[in-house]
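Step one of this worksheet: look at the structure below.
Residue numbers (my numbering): 647 to 1125.
Okay, structure coming up:
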């Protein structure tokens, strides 16, 4: 049987985190009532004129610099003409001939090692509206709130060969955009969307096969399933001696299959021409230099610094830097408590556990780093037991309470009261004569039984070390 290789390129649309749209002053906030974030410009009314949002250009430049792109210091906008209900102007303002960024690359890492994925171009454009299909009324409605929301489209070269590489590339782009602050990249809200261009060819062949483009992919899992499904579909066609048709296909994740939407258009079908209402954009050397100087620390740099400055392992540094928001909270906690490794353990165990249990995203985590730092210091000073500290942290995580006050008010602070310790010890020994005789007889395993009983009775008011010391002395005395 013939062996086939998959060839994949992506077109990734990233909504930019500006407060207003690309060519008007309407809000870009997600979730408003239909058609409330609109005006004559973004609904395509006759006579309305677009005005470019400078922040869009700045965000596109930041992304291009981070992705090692060449910046086109003279770029312009073009009209992409097509007719669809969610496109109010009957054209989309985009960039075909002179995009803002070209010829970049990002490095990904998979089970096979590191690999560079080339970026053909990044260009700025406006988003279209959204069609809402009402199955009960058997009609389609249009919401233009998204119309005019600024996008950058990142077009890769066909350098990926597997779903694993595709997901690694998308995760790299998402992390980069979040660290730069140019987009939140929430797939569930459509602020990051990917179209997959895929073809197959015999292993060893230098000629590309006929590609298809898959749309409607709104999660990494759906993208991976769509790639595997389309690869198998194309191989099956070729094995049957049939041709793969160049077309746009829609992926149905529920049915785990795709169906044809339309034959694939070429650029000439869109009748591109320079937009007559928008001036070309001139980007100065000074503007580029200022943005390069102000670029934030990206994930790879932060990972390296955590290993060198905080003494963390590569694995721990990688886990703590997956989210920019959580990494910032971690750093503040580590600096305040003065113990980066202990802070790392709390984040990787307790913070991530509570986030998973409650189904929270990093931006929904609201506790104050100083409160966790106080709790870590109290544990280190043996003012509260580790067990009680974890219970208190749940309150800190949910309500951002002051842990110091809470521990005092609820009597959770360790008090080395020798009288209480002695009284409790005698009570436990009297209640368990059988195990006591075993311990006196040299059965060391029973020691842990009594420590557990003591800790449970004292409810964290004595440290494990103090309990062990008191028990040891009492057993020696009785022997």
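Virtual Cβ for every residue (Gly too), placed ideally from N, Cα, C.
Residue pairing by DSSP puts residue 726 in a beta bridge opposite 738. Collapsing the DSSP output to three states places residue 919 in a strand. Closest option to residue 1074, judged by alpha-carbon separation, among 957, 1003, 1099: 1099. By the Cβ-count criterion, residue 960 is exposed, with fewer than 16 other Cβ atoms from all chains shown falling within 10 Å of its own Cβ.
Under DSSP, the beta-bridge partners assigned to residue 747 are 717, 768. If the five residues before and after residue 649 are omitted, its C-beta is found closer than 6 Å to the C-beta atoms of 849, all from its own chain and listed in chain order. Under the DSSP assignment, residue 838 falls in the beta strand (DSSP E) whose first and last residues are 838-848.
Within 10 angstroms of the beta-carbon of residue 925 lie fewer than 16 other beta-carbons, which makes it exposed.
Per DSSP, residue 654 is not a residue of any alpha helix (DSSP H); the beta strand (DSSP E) it occupies stretches across 650-661.
In the three-state reduction of the DSSP assignment, residue 902 falls in the coil class, being assigned neither a helical nor a strand state.
In the three-state reduction of the DSSP assignment, residue 1060 falls in the coil class. In this structure the segment 811-827 lies against the segment 703-723, because at least three pairs of beta carbons, one per stretch, are closer than 8 Å. Under DSSP, the beta-bridge partners assigned to residue 894 are 859, 908. The three-state reading of DSSP puts residue 1090 in coil, since its state is none of H, G, I, E or B. Judged by DSSP in its simplified three-state form, residue 1031 adopts coil rather than helix or strand. Excluding its 5 nearest sequence neighbours in each direction, residue 969 has C-beta neighbours in its own chain below 8 Å: 824, 1008, listed in chain order. Per DSSP, the continuous beta strand (DSSP E) segment holding residue 796 begins and ends at 796-802. Rounded to the nearest angstrom, the gap between the Cα atoms of residue 1017 and residue 791 is 40 Å. By the Cβ test, the segment 664-673 is not in contact with the segment 892-906, since fewer than three Cβ pairs between them sit closer than 8 Å.
CA-CA distance, residue 893 to residue 656, rounds to 15 Å. For residue 880, the closest C-alpha among the options 1115, 891, 863 is that of 891.
Judged by DSSP secondary structure, residue 789 falls within the beta strand (DSSP E) whose first and last residues are 785-789.
Take the alpha-carbon of residue 1104 and the one of residue 1034: they are about 12 Å apart.
Annotated as proximal: residue 789 and residue 680, with beta-carbon spacing under 8 Å.
The C-beta distance from residue 990 to residue 976 rounds to 7 Å, short enough to fall under 8 Å. In the structure shown, residue 805 adopts coil according to DSSP, grouped into three states.
The continuous beta strand (DSSP E) containing residue 778 extends over residues 776-780.
Of the candidates 812, 717, 1043, 717 places its Cα closest to the Cα of residue 769.
DSSP, reduced to helix, strand and coil, places residue 690 outside both helices and strands of the structure shown, so it counts as coil.
About 12 Å separates the beta carbons of residue 743 and residue 916, which is beyond the 8 Å limit, so they are not a contact pair. If you draw a straight line from the Cα of residue 745 to the Cα of residue 760, it comes to about 28 Å. Distance from residue 731 to residue 793 at the Cβ level is roughly 11 Å; contact not present, criterion being Cβ atoms closer than 8 Å.
Using a 10 angstroms sphere on the CB of residue 787, the tally of other CB atoms stays under 16, which defines it as exposed.
With fewer than three CB-CB distances shorter than 8 Å, the segment 864-873 does not count as touching the segment 686-703.
Taking 8 Å as the cut-off, the beta carbon of residue 1046 is found closer than this to the beta carbon of residue 1013. It is roughly 33 Å from the alpha-carbon of residue 1028 to the alpha-carbon of residue 1087.
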